[in-house]
Amino acid sequence: MKKSLSLLAAFLVAGMWSAPVQAADHYVSGMAGISWMQDSEIGLFNIEDVFDTEVNLGYGSGLTLAGAIGCDYGSTRLEAEIGYQSADIKDISISDITVPDSPPYTIPGGSVDLDGDASVLSLMANGFYDIDLGGGVEFYAMAGVGVAQVDMEINDVAGVKAYLPDAVDPVAIKVTETTLAYQVGAGLAIPVSDGVMIDARYRYFATTDFDVVGVIDTNVSSHSALLGLRVNL
């Protein structure tokens, strides 16, 4: 994964700096904010089709960080971005289960508390379209694609660990997977001094499906509210 991220980063940066299309201003940016990871649907065999039910991982809110280096062509921008986000894994839930019998009957769903965490390290190639609102203020829309390394760890289920000896670890699920990712967003940039802008952004981020354990797969998606600075070089 580290090799893939390094190669992609080198390719993106070299490509932006060597692009001869037109003169561009270079910049760096940094952002931080809050992310809200959406429930992740767990794909387990064909349980959804057979029992008309869904299994989901639930998360708490978390931290998002992003840093980028880019080229500004006027109304458009291109950049390479490295990002990180994390959140606690709170629970796993299942909706009502419909058993295909004669006649069918329903088993009520429920949820179980979990103690765990999830994090995503991403490297994205982003494109921006800027709209000048006057006075140097810009509204923009953006989209990006790239790769993400997802790490998940579950340490306890329903508080069972508290009743067991320290040497016993009933649950130690650790997952590290690399997958494709994409993001879209919109924001407002306001100049605060020569070559420096405050940047406020909404972002939706998601990965494609990846394997958790064997035949079980899922994905990660989040909404983020970000605030940062963009500085011309």
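Per the UniProt record's numbering, residue 1 is the first one in the sequence shown, and the count goes up by one each step.
The C-beta atom is built at its ideal place from N, Cα and C for all residues, glycine as well.
From a predicted model like this one, the values you see are computed outputs, not experimental measurements.
Test item: CB-CB of residue i and residue j under 8 Å
{"i": "residue 188", "j": "residue 128", "result": "no"}
{"i": "residue 196", "j": "residue 143", "result": "no"}
{"i": "residue 150", "j": "residue 124", "result": "no"}
{"i": "residue 177", "j": "residue 205", "result": "no"}
{"i": "residue 230", "j": "residue 75", "result": "no"}
{"i": "residue 42", "j": "residue 55", "result": "yes"}
{"i": "residue 109", "j": "residue 89", "result": "no"}
Nearest-angstrom Cβ-Cβ length linking residue i and residue j, presumed shorter than 8 Å
{"i": "residue 232", "j": "residue 27", "result": "5 Å"}
{"i": "residue 226", "j": "residue 23", "result": "The Cβ separation is near 29 Å, so there is no contact."}
{"i": "residue 80", "j": "residue 220", "result": "Their Cβ separation, rounded to whole angstroms, is 21 Å, which puts residue 80 and residue 220 out of contact at 8 Å."}
{"i": "residue 224", "j": "residue 33", "result": "6 Å"}
{"i": "residue 57", "j": "residue 92", "result": "6 Å"}
Residue i, enclosing beta strand (DSSP E) - first and last residue
{"i": "residue 208", "result": "Segment: none, residue 208 is in no beta strand (DSSP E) and carries neither H nor E."}
{"i": "residue 28", "result": "25 to 37"}
{"i": "residue 218", "result": "216 to 218"}
{"i": "residue 42", "result": "Looking at the DSSP string, residue 42 is not in any beta strand (DSSP E), and its letter there is neither H nor E."}
{"i": "residue 73", "result": "Where residue 73 is concerned, there is no enclosing beta strand (DSSP E), given that its DSSP letter is neither H nor E."}
{"i": "residue 194", "result": "Segment: none, residue 194 is in no beta strand (DSSP E) and carries neither H nor E."}
{"i": "residue 122", "result": "110 to 134"}
{"i": "residue 221", "result": "221 to 232"}
{"i": "residue 106", "result": "105 to 107"}
Cβ-based burial, residue i [other Cβ within 10 Å; buried from 16]
{"i": "residue 59", "result": "buried"}
{"i": "residue 218", "result": "buried"}
Residues near residue i by beta carbon distance below 6 Å, same chain, minus five either side
{"i": "residue 38", "result": "221"}
{"i": "residue 141", "result": "129, 186"}
Proximal residues to residue i (C-beta, below 7 Å), its chain only, five neighbours per side dropped
{"i": "residue 21", "result": "Residue placement at residue 21 cannot be trusted, given a pLDDT of 49 that sits under 50; the coordinates are not used to answer."}
{"i": "residue 190", "result": "137, 197, 198"}
{"i": "residue 203", "result": "183, 185, 224, 226"}
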